[in-house]
Every structure is written in C-alpha cells, then in structure tokens.
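*Asks:* Right, I'll just put the structure down here and ask away after.
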Amino acid sequence: MMGLATDGGLLVPEFFPTVAHRLGSLRDLSYTELATEIMGLFIDDISEVELAGLVERSYRSFDDLLVTPLVRVGDIHVLELFHGPTLAFKDIALQFLGELFDHILKERGEQLNILGATSGDTGSAAIAGVRGRDNMRMFIMYPEGRTSALQERQMTTVLDENVHNIAIKGSFDDCQHILKSIFSDLPYKHDLRLGAVNSVNWARVLAQVVYYFSAYFQLDQEGEFDVCIPTGNFGNIFAAYIARQMGLPINKLVLATNENDILSRFFNSGVYERGEVRRSISPAMDIQVSSNFERYLFFQLGEAPEKVVDFMQTFERFGRSEVHYNTAQFDSRFLAGSASDEETLKQITHYHREYGYLADPHTAVGLHVASRLSESGRPLVSIATAHPAKFPEVIERAVPELEVTHPSIIELMDLPTRSTSLEADTEVVKAFIRRMAG
Ligand SMILES: *Cc1c(COP(=O)(O)O)cnc(C)c1O
4 MMGLATDGGL LVPEFFPTVA HRLGSLRDLS YTELATEIMG LFIDDISEVE LAGLVERSYR
64 SFDDLLVTPL VRVGDIHVLE LFHGPTLAFK DIALQFLGEL FDHILKERGE QLNILGATSG
124 DTGSAAIAGV RGRDNMRMFI MYPEGRTSAL QERQMTTVLD ENVHNIAIKG SFDDCQHILK
184 SIFSDLPYKH DLRLGAVNSV NWARVLAQVV YYFSAYFQLD QEGEFDVCIP TGNFGNIFAA
244 YIARQMGLPI NKLVLATNEN DILSRFFNSG VYERGEVRRS ISPAMDIQVS SNFERYLFFQ
304 LGEAPEKVVD FMQTFERFGR SEVHYNTAQF DSRFLAGSAS DEETLKQITH YHREYGYLAD
364 PHTAVGLHVA SRLSESGRPL VSIATAHPAK FPEVIERAVP ELEVTHPSII ELMDLPTRST
424 SLEADTEVVK AFIRRMAG
C-alpha cells in the first residue's frame with residue numbers, strides 16, 4: 004500500500020516469475036481468470052479465491068466482455084484500454100487498486116484518507132476507484148477553471164460522501180506544491196492516515212501487465228509481436244517490459260511520446276535531460292520526469308541500487324544524466340519516437356478516413372510512431388489509452404464533420420455536481436481535510 008519506499012526509492016519485485024513454458028495453458032482463460040493467474044504469481048498474502056473476487060469486482064463495470072478488446076485496423080492491431088467507467092486506461096489499474104485497498108483495510112480494521120492532485124486528465128479514474136467505499140476518503144485537488152468542462156464534470160458529478168473534490172484557486176503547480184507540503188508534514192500525515200494512489204504504486208503497474216497477455220492471446224497466433232505505447236509516466240510501457248521479462252514473446256517495445264520527449268530522446272541517445280513542460284493536445288502525456296522510469300533503470304543497470312541512486316541524484320542536481328553506451332541504441336529491445344500536435348491530428352484524420360477508426364489524441368501519438376518505426380514481418384499491437392469522446396475539441400479539429408460522444412458522457416451533462424473551492428494555501432487545505440476527516 005505504500006507508494007514510495009521508506010528510503011525514497013521505488014519498490015520492485017525480487018524476481019519476475021516466468022510463464023514462457025505454460026503460455027498455452029493461459030490462452031483460453033477469460034480476462035478475469037487471466038488477471039488472477041498473472042497477478043497471483045506476485046501475490047502471496049491474498050488467497051486465490053479472494054484475489055479472483057477482487058479481480059471480478061474490478062472489471063465488472065467495463066462495457067466490453069473482453070475488458071481490453073483487440074481491434075484490427077488496417078495492418079495494425081489496436082488494444083483498446085478505454086472500456087472502463089471513466090473511458091481511459093487508468094481505470095484498469097485504479098478499479099483494481101480500489102478493491103485491493105478496500106480488502107486490506109478491512110482485514111486490518113483501518114481507515115485511509117487518500118490525497119491527490121490532478122490537472123484534470125486522471126483524477127476521475129482515481130475517484131471512480133474509491134467512490135462509495137466506507138474505509139477510504141478521497142480528497143482530490145484540481146486547478147479551478149483550468150480543467151476542461153468535461154473533465155471537471157467527470158469528477159464533480161461524483162456525489163458519494165467519501166469523495167471531496169477541491170477546486171484550488173490557482174494553477175496545477177499550486178496543487179502539486181500543496182500536495183507535497185502536506186505529505187512532508189509527517190505528524191499530520193500520520194495523524195490523518197494520509198495515503199496516495201499515484202502512478203508509482205506497484206499494484207497499479209502489476210494490474211497493467213495482464214492486458215499484454217490478453218493482447219497476445221487475442222492475436223491468436225504464436226510467435227513474436229511488437230507493441231507501441233503512448234507514454235507519459237512510463238507505467239504502461241514498464242508493464243509491457245515486465246510481461247516480456249515473464250516470457251511473453253514481445254520483440255520490440257515501441258515508446259511513443261508527444262513533444263514532451265525526454266524518454267524518446269533518452270532511448271535514442273542515452274542522455275536523460277529535463278526540458279520545459281509543453282502543453283499538447285495529448286495532455287495526459289505532458290510530463291517531463293517519468294516516475295516509473297527509475298524502475299526500468301534498476302533492471303537495466305544490473306539491479307545495482309547505488310547506480311540508480313547515482314543516476315537519479317545527478318539528474319536532480321543538474322537536470323541531466325547519462326548512461327554510457329556504445330551501440331546505436333541504448334537498449335535494443337526499445338524503439339522510440341515522438342509526434343508533434345500536427346502529426347497527431349494528421350493521424351486521427353488518416354485513420355478515420357482510411358479505416359473509419361476514430362483514435363483519441365494519445366492513441367494517435369502511438370499510431371504515428373508505430374507507423375514510422377514498426378518493423379515489417381511481426382504483428383504490431385498499438386495501445387489505445389482513451390476514448391475519443393473525452394477529447395471532443397481535438398476530434399473536431401481533425402475530423403470536422405464528425406460529432407463524437409459516448410453515452411456515459413452525455414449522461415454527465417444532466418447530473419448535479421459538488422465541489423469545494425479553496426484558496427491555494429496549504430494550511431487552508433489541511434484544515435479542510437481535518438474537518439472532513441472528522
Ligand atoms: C496516463 C495516460 C497515458 C500515459 O501513461 P503512462 O503509464 O503514464 O506512461 C497515456 N494516455 C492516457 C489517456 C493517459 O491517461
């Protein structure tokens with residue numbers, strides 16, 4: 004349940020269990036059976052029956068029986084991860100995390116107050132995982148008036164008593180600053196039993212490993228395949244890396260970024276160098292420092308923690324760190340590229356015109372890089388991370404004649420909302436949480 008380890012680093016499994024020898028026996032399982040099998044290999048303190056129950060409840064709300072269906076689009080296979088309650092792939096991990104935390108808290112007879120900050124893209128998935136539970140309260144800060152109307156509605160239409168939407172009179176940076184100051188007040192944190200569900204949580208990564216197996220079985224052919232993944236915090240692609248280490252026959256991991264391209268630059272040069280965060284039309288990937296990247300480094304640097312510490316400290320201090328390498332690529336298992344907003348829009352238009360397939364802007368970043376870097380001969384699975392109806396303004400620019408929507412978004416427009424507006428002041432937010440946490 005802890006995010007960061009006590010020394011400020013990240014938690015990783017001691018080893019990756021292998022399933023290479025029994026892929027055949029997993030092939031015919033349902034998504035929930037597969038998830039129970041794969042995650043069970045990493046879990047020794049929840050019985051198989053209990054885990055199966057958690058998994059079953061996690062994916063009940065998905066609107067596709069396959070949970071993560073694989074769709075053929077031209078030469079590419081698109082793995083759709085957006086069939087959960089908030090129409091983005093974060094649901095796959097956060098629905099499970101909600102069930103998992105609930106289970107552990109019940110067992111321990113404890114309560115937890117979860118505090119988070121969002122620029123708008125991911126808050127709703129965290130809320131959806133926690134709403135209505137009696138042993139968790141959720142406090143989520145977002146910058147007032149600076150998220151899209153739709154994103155705000157996805158959060159504020161949740162009226163469950165345990166969910167507190169906090170509109171901060173300030174920027175997303177203010178929200179993050181408040182979050183950091185509150186978490187660094189250790190007596191307060193302890194007193195209020197504060198926790199987080201951020202993207203470094205190990206259970207989130209684990210839940211994401213499953214759908215790469217699902218993709219392989221849906222391809223319905225033996226042999227190697229490539230995956231292309233629109234990347235921000237490196238969580239999704241790290242899950243693919245783990246699946247590969249476990250024996251899933253993934254050949255290339257194709258990493259796709261928008262113009263915030265620190266990761267694609269790294270995989271093409273060995274240099275990890277911070278840039279300015281630029282706003283793009285794929286906002287969930289407007290990230291410069293990717294929290295899960297450190298986990299990959301650990302394995303890449305021979306599981307030597309002191310090398311990771313050295314790399315990360317150099318990066319903290321100078322905004323730049325380098326791994327020495329002398330081949331054309333840093334890691335031959337990875338290919339990496341980026342897409343500008345213009346290229347992203349072009350892909351949306353192209354896929355709609357050619358195949359009648361509508362991709363959201365994050366998915367389109369992946370499709371752009373996939374089309375440039377894919378190596379012929381192997382099947383390519385490109386990951387779709389959000390439903391296009393979440394980004395109507397972008398879709399309108401790319402395909403003007405089309406109006407895109409989704410029943411669960413239409414429904415939002417008529418629902419009542421609840422949120423509390425607070426000054427961008429750590430003490431004000433602390434007092435609010437204390438009052439609401441009783
Ligand atoms: C979070 C997110 C991403 C990036 O995923 P990471 O695991 O952070 O690399 C891509 N697309 C969408 C829609 C997201 O919400």
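Numbering follows the numbering used here, in which position 147 of the sequence shown is assigned residue number 150; successive positions increment by one, without gaps.
Each residue gets a CB set at the ideal place from its N, CA and C atoms; glycine is no exception.
Suppose you measure from the CA of residue 205 to the CA of residue 404; what does that come to, to the nearest Å?
*Replies:* Start at 1 with the first residue of the sequence shown, and residue 205 comes out as number 202. Start at 1 with the first residue of the sequence shown, and residue 404 comes out as number 401. Whole-angstrom Cα-Cα distance: 43 Å.
*Asks:* Compare the Cα-Cα distances from residue 438 to each of 72, 155, 70, 165 and report the closest residue.
*Replies:* As a working mapping, residue 438 is identified with position 435 in the sequence shown. Selected option, being the one with the closest Cα: 165.
*Asks:* Does DSSP classify residue 430 as helix, strand or coil?
*Replies:* If you number the sequence shown from 1, residue 430 lands on position 427. Residue state, collapsed to three classes: helix.
*Asks:* Which word fits residue 391, buried or exposed, when buried means at least 16 other C-beta atoms lie within 10 angstroms of its C-beta?
*Replies:* By 1-based counting over the sequence shown, the position of residue 391 is 388. It is buried - the Cβ of residue 391 has at least 16 other Cβ atoms within 10 Å.
*Asks:* For residue 9, which residues does DSSP report across the bridge?
*Replies:* Position 6 of the sequence shown, counting from 1, holds the residue named residue 9. DSSP lists no partner for residue 9.
*Asks:* Around the C-beta of residue 235, are 16 or more other C-beta atoms found within 10 angstroms, so that it is buried, or is it exposed?
*Replies:* Looking up residue 235 in the sequence shown gives position 232. Buried, because 16 or more other Cβ atoms sit within 10 Å of the Cβ of residue 235.
*Asks:* With DSSP as the reference, label residue 407 as helix, strand or coil.
*Replies:* Within the sequence shown, the letter at position 404 stands for residue 407. Residue 407 falls in the coil class under three-state DSSP.
*Asks:* Does the segment 187-200 touch the segment 116-126, meaning 3 or more C-beta pairs lie closer than 8 Å?
*Replies:* Yes, since at least three Cβ pairs between the segment 116-126 and the segment 187-200 fall closer than 8 Å, the two stretches touch.
*Asks:* Is the beta carbon of residue 71 sitting closer than 8 Å to the one on residue 82?
*Replies:* The residue you call residue 71 lines up with position 68 of the sequence shown. The residue you call residue 82 lines up with position 79 of the sequence shown. Yes.
*Asks:* If contact is defined by three or more beta carbon pairs under 8 Å, each pair taking one atom from either stretch, is the segment 300-315 in contact with the segment 254-261?
*Replies:* The segment 254-261 vs the segment 300-315: no contact.
*Asks:* Tell me which same chain residues have a C-beta within less than 8 Å of the C-beta of residue 394, skipping the five on either side of it?
*Replies:* Within the sequence shown, numbered from 1, the residue matching residue 394 stands at position 391. Cβ neighbours of residue 394 beyond the five flanking positions: 284, 363, 364.
*Asks:* For the putative contact between residue 398 and residue 153, defined by C-beta atoms under 8 Å, what is the C-beta separation to the nearest angstrom?
*Replies:* Counted from its first residue, the sequence shown places residue 398 at position 395. Counted from its first residue, the sequence shown places residue 153 at position 150. So it is not a contact: roughly 12 Å between Cβ atoms.
*Asks:* Assign residue 226 to buried or exposed, taking buried as 16 or more other Cβ atoms, counted over all protein chains shown, within 10 Å of its Cβ.
*Replies:* Your numbering for residue 226 matches position 223 in the sequence shown. Exposed: under 16 other Cβ atoms inside 10 Å.
*Asks:* Within the segment 359-416, note down every full alpha helix (DSSP H) run reaching 4 residues or more, in order along the chain.
*Replies:* Listed in chain order, the complete alpha helix (DSSP H) runs (minimum 4 residues) inside the segment 359-416 are 364-376, 395-401, 410-415.
*Asks:* Any heavy atom of ligand 1 within a distance shorter than 7 Å of the CB on residue 267?
*Replies:* For the purposes of this step, residue 267 is taken as the residue at position 264 of the sequence shown. Outside the cutoff, so no.
*Asks:* In angstroms with no decimal places, state the Cα-to-Cα distance between residue 359 and residue 75.
*Replies:* Residue 359 sits at position 356 when you count from the first residue of the sequence shown. Residue 75 sits at position 72 when you count from the first residue of the sequence shown. Between residue 359 and residue 75, the C-alpha separation is close to 12 Å.
*Asks:* Is the beta carbon of residue 342 closer than 8 Å to that of residue 368?
*Replies:* Start at 1 with the first residue of the sequence shown, and residue 368 comes out as number 365. Start at 1 with the first residue of the sequence shown, and residue 342 comes out as number 339. Taking 8 Å as the Cβ cut-off, residue 368 and residue 342 qualify as a contacting pair.
*Asks:* Which whole-angstrom value is the C-beta distance of residue 213 and residue 5, which I expect to be below 8 Å?
*Replies:* Sequence index remark: in the sequence shown, residue 213 carries index 210 (1-based). Sequence index remark: in the sequence shown, residue 5 carries index 2 (1-based). Rounded, the Cβ-Cβ distance is 22 Å, inconsistent with contact.
*Asks:* Counting Cβ pairs, one atom from each stretch, are 3 or more of them under 8 Å apart for the segment 103-113 and the segment 157-171?
*Replies:* Segments in contact, no.
*Asks:* Out of curiosity, what's the CA-to-CA distance linking residue 346 and residue 124?
*Replies:* Reading the sequence shown from its first residue, position 343 is the one you call residue 346. Reading the sequence shown from its first residue, position 121 is the one you call residue 124. Going from the Cα of residue 346 to the Cα of residue 124 covers about 21 Å.
*Asks:* For residue 190, report the span of its beta strand (DSSP E) as first-last.
*Replies:* By 1-based counting over the sequence shown, the position of residue 190 is 187. First-last for residue 190: 189-194, but that is the alpha helix (DSSP H), not the beta strand (DSSP E).
*Asks:* Run through DSSP, which three-state label would residue 260 get?
*Replies:* Against the sequence shown, residue 260 aligns to sequence position 257. If DSSP states are grouped into helix, strand and coil, residue 260 belongs with the strands.
*Asks:* Would you give the residue range spanned by the beta strand (DSSP E) that residue 171 belongs to?
*Replies:* Working through the sequence shown from its first residue, we reach residue 171 at position 168. Taken as a continuous stretch (DSSP letters only), the beta strand (DSSP E) holding residue 171 covers 166-172.
*Asks:* Tell me the rounded alpha-carbon separation between residue 80 and residue 374.
*Replies:* The residue given as residue 80 occupies position 77 in the sequence shown. The residue given as residue 374 occupies position 371 in the sequence shown. Approximately 12 Å between the Cα atoms of the pair.
*Asks:* Beta carbon of residue 158: closer than 7 Å to some heavy atom of ligand 1?
*Replies:* Working through the sequence shown from its first residue, we reach residue 158 at position 155. Not so, every heavy atom of ligand 1 lies at least 7 Å from the Cβ.
*Asks:* Rounded to the nearest angstrom, what separates residue 268 and residue 366 at their Cα positions?
*Replies:* Within the sequence shown, residue 268 is the residue found at index 265, counting from 1. Within the sequence shown, residue 366 is the residue found at index 363, counting from 1. Looking at the two C-alpha atoms, the distance is approximately 20 Å.
*Asks:* Answer yes or no: do residue 263 and residue 290 have a C-beta to C-beta separation smaller than 8 Å?
*Replies:* Within the sequence shown, the letter at position 260 stands for residue 263. Within the sequence shown, the letter at position 287 stands for residue 290. It is a contact, given that the beta carbons lie within the stated cut-off.
*Asks:* So, at 6 Å on beta carbons, what are the nonlocal neighbours of residue 401 in its own chain, with the 5 sequence-adjacent residues on each side left out?
*Replies:* Here residue 401 refers to the residue found at position 398 when the sequence shown is read from its first residue. Contacts found: 348, 351, 352.
*Asks:* With DSSP as the reference, label residue 120 as helix, strand or coil.
*Replies:* If you number the sequence shown from 1, residue 120 lands on position 117. Strand at residue 120.
*Asks:* In angstroms with no decimal places, state the Cα-to-Cα distance between residue 73 and residue 221.
*Replies:* Taking the sequence shown and counting its residues from 1, one reaches residue 73 at position 70. Taking the sequence shown and counting its residues from 1, one reaches residue 221 at position 218. Rounded to the nearest angstrom, the two C-alpha atoms are 6 Å apart.
*Asks:* Sorry if obvious, but does the Cβ on residue 371 come closer than 7 Å to a heavy atom of ligand 1?
*Replies:* What you label residue 371 is simply residue 368 of the sequence shown in a count that begins at 1. For ligand 1, not one heavy atom lies less than 7 Å from the Cβ of residue 371.
*Asks:* I need the straight-line Cα distance from residue 408 to residue 229, nearest angstrom please.
*Replies:* Reading the sequence shown from its first residue, position 405 is the one you call residue 408. Reading the sequence shown from its first residue, position 226 is the one you call residue 229. Taking the straight line from one Cα to the other gives about 31 Å.
*Asks:* How many angstroms separate the CA atom of residue 361 from the CA atom of residue 354?
*Replies:* If you number the sequence shown from 1, residue 361 lands on position 358. If you number the sequence shown from 1, residue 354 lands on position 351. Taking the straight line joining both Cα atoms gives about 7 Å.
*Asks:* Counting pairs of Cβ atoms below 8 Å between the segment 85-96 and the segment 127-134, do you hit three or more?
*Replies:* Yes: the two stretches touch, three or more of their Cβ pairs being nearer than 8 Å.
*Asks:* Which same chain residues, not among the five before or five after residue 16, have their C-beta less than 7 Å away from its C-beta?
*Replies:* By one-based count along the sequence shown, residue 16 stands at place 13. The residues are 45.
*Asks:* From residue 196 to residue 440, what does the alpha carbon distance come to, in whole angstroms?
*Replies:* Here the question's residue 196 lines up with position 193 in the sequence shown. Here the question's residue 440 lines up with position 437 in the sequence shown. Near 10 Å, if we compare the C-alpha coordinates of residue 440 and residue 196.
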